[in-house]
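Position one of the sequence shown corresponds to residue 76 (the numbering used here), numbered consecutively onward.
For reference, the structure is listed below as structure tokens.
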Amino acid sequence: MTDTPSLISPTPTTRSDDRFPAILGMMASGSGSNFEAVARSIDNGDLNAKIAVLIHNKPEIKAIERAHQRGIPTVFLDHRNYPTREELDRAIVTTFRAHQVECVVMAGWMRVITQVLIDAFGDRIINIHPSLLPSFPGIGAIEQALAAKVKITGCTVHLVSLEVDAGPILVQAAVPVLADDTAATLHARVQIQEHLILPQAIEMLASQLRLAQLRR
Ligand code: GRF
């Protein structure tokens, strides 16, 4: 795999004030490499936060193993057990509240969320998407970029709104598309950037929360 640098390098995070770590509730449906990147940034002191719990909606995904290796509790909420999206979101909110979660991070969460989650956490919900939004929202963002024959794609971290893969953009990183790229090679390079920008975006949100706490 070629480790091509991104065209736009995200600004490095500065070491943060370690009072008031932001309490994160993370959600994943897959490998959890973004979950791991967030956990590593916390370990490095680049992100002043604590992951309280990981919610997953699929059994036996790698994200569970990554969480358990770090002693982070996991909760399995199988979407098939909830007749509506709202009911699943109510269970998510209950779980996060039980863990005193302040910020929600959708790190590869493959379900559409509802007003229930937004009512509970407002503008403290973050999502990561593998394209330069607003281009290529929805599923298959990498394949969409290849089909459109764009020369540059990338990834976006944004605040979540009801519209899928929309909402105010926090951080983006650009990744060149190479002539011989497959979906796998391109996604691998996009993920290198995702692992940089997701912790940065969380720290942006966490520092706002800390400011609010210091002002109290
Ligand atoms: C990432 O590419 C993310 O942008 C998308 O889902 C993927 C999750 O990857 N929403 P991982 O499970 O964090 O490895």
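Yeah, the Cβ is synthetic: ideal placement off N, Cα and C, and Gly gets one too.
Quick caveat: nothing in here was measured; it's all calculated off a predicted structure.
>> Following a CB-centred definition, is Gln266 positioned closer than 8 Å to any heavy atom of the ligand GRF?
In response: Taken from the Cβ of Gln266, at least one heavy atom of the ligand GRF lies inside 8 Å.
> When the Cα atoms are used, what is the spatial distance from Val252 to Gln190?
Replying inline: Computed Cα separation, rounded: 36 Å.
> For Gln247, which of Ile267, Phe196, Ala254 and Asp256 has the nearest alpha-carbon?
Replying inline: That would be Ile267, whose Cα lies nearest to the Cα of Gln247.
> Which residues bound the alpha helix (DSSP H) around Leu279?
Replying inline: Here the sequence assigns Met to residue 279, which means Leu is not the residue at that position. Where Met279 is concerned, the enclosing alpha helix (DSSP H) stretches over Ala258 to Arg290.
> Got a sec? Which residues, its chain only, sit under 7 Å from Phe151 by beta carbon, not counting five neighbours each side?
Replying inline: Leaving aside the five residues that flank Phe151 on each side, the residues in its chain whose CB is nearer than 7 Å to its CB run, in chain order, His131 and Pro134.
>> Using 8 Å for Cβ pairs, my map puts Gly146 next to Ala127. What's the rounded Cβ distance?
In response: That pair is no contact at about 12 Å.
> What are the boundary residues of the alpha helix (DSSP H) that His143 is part of?
Replying inline: His143 -> alpha helix (DSSP H) spans Lys137 to Gln144.
> Which parts of the region 173-236 are runs of the beta strand (DSSP E), unbroken and 3 residues or longer, counting only runs that do not cross its ends?
Replying inline: Entirely contained in the region 173-236, the beta strand (DSSP E) runs reaching 3 residues are, in chain order, 178-181, 200-204 and 227-234.
>> Classify Ile117: buried if its beta carbon has 16 or more other beta carbons within 10 angstroms, exposed otherwise.
In response: Classification for Ile117: buried.
>> What would DSSP say about Ala241, mapped onto helix, strand or coil?
In response: DSSP places Ala241 in coil when its eight states are reduced to three.
>> Our contact map puts Gly213 next to Ser104 with C-beta atoms below 8 Å; I'd like the distance itself, whole angstroms only.
In response: At roughly 15 Å, the Cβ-Cβ gap does not stay under 8 Å, so Gly213 and Ser104 are not in contact.
> Taking 8 Å as the cut-off, is the CB of Glu140 close to at least one heavy atom of the ligand GRF?
Replying inline: No, the beta carbon of Glu140 sits no closer than 8 Å to any heavy atom of the ligand GRF.
>> Can you check which of these residues, Arg160, Ile98, Asp121 and Ser108, is closest to Ile136 by C-alpha distance?
In response: Among Arg160, Ile98, Asp121 and Ser108, the Cα nearest to that of Ile136 belongs to Ser108.
> Shortest alpha-carbon distance to Ile217 belongs to which of Val265, Ala114, Leu129 and Ile201?
Replying inline: Checked all of Val265, Ala114, Leu129 and Ile201; the closest Cα to Ile217 is Val265.
>> Restricting to runs no shorter than 3 residues, where is the beta strand (DSSP E) found entirely within the region 98-131?
In response: List check, beta strand (DSSP E) in window: 124-131.
>> Could you tell me the alpha carbon to alpha carbon distance between Met76 and Ile139, rounded to whole angstroms?
In response: Residue placement at Met76 is flagged as unreliable, the pLDDT there being 42, under the threshold of 50; the coordinate-derived value follows with that caveat. Taking the straight line joining both Cα atoms gives about 26 Å.
> Considering only residues of the same chain and omitting the five flanking positions on each side of Arg90, which have a CB-CB separation below 6 Å?
Replying inline: Interpretation of Arg90 is limited by its pLDDT of 47, a score under 50 that renders its predicted location unreliable; the figure taken from the coordinates is listed afterwards. Cβ-Cβ distances below 6 Å link Arg90 to Gly120 in the same chain, with the five nearest sequence neighbours on each side left out; the list follows chain order.
>> Checking 9 Å against the spacing of the C-beta atoms, do Leu192 and Ile200 come in under that value?
In response: Yes.
>> Give me the residue from Leu207, Glu111 and Arg172 with the minimum Cα distance to Leu196.
In response: According to the sequence shown, residue 196 is Phe rather than Leu. With distances taken between Cα atoms, Phe196 lies closest to Arg172.
> Is the beta carbon of Ala103 within less than 8 Å of some heavy atom of the ligand GRF?
Replying inline: Yes - the ligand GRF has a heavy atom lying nearer than 8 Å to the Cβ of Ala103.
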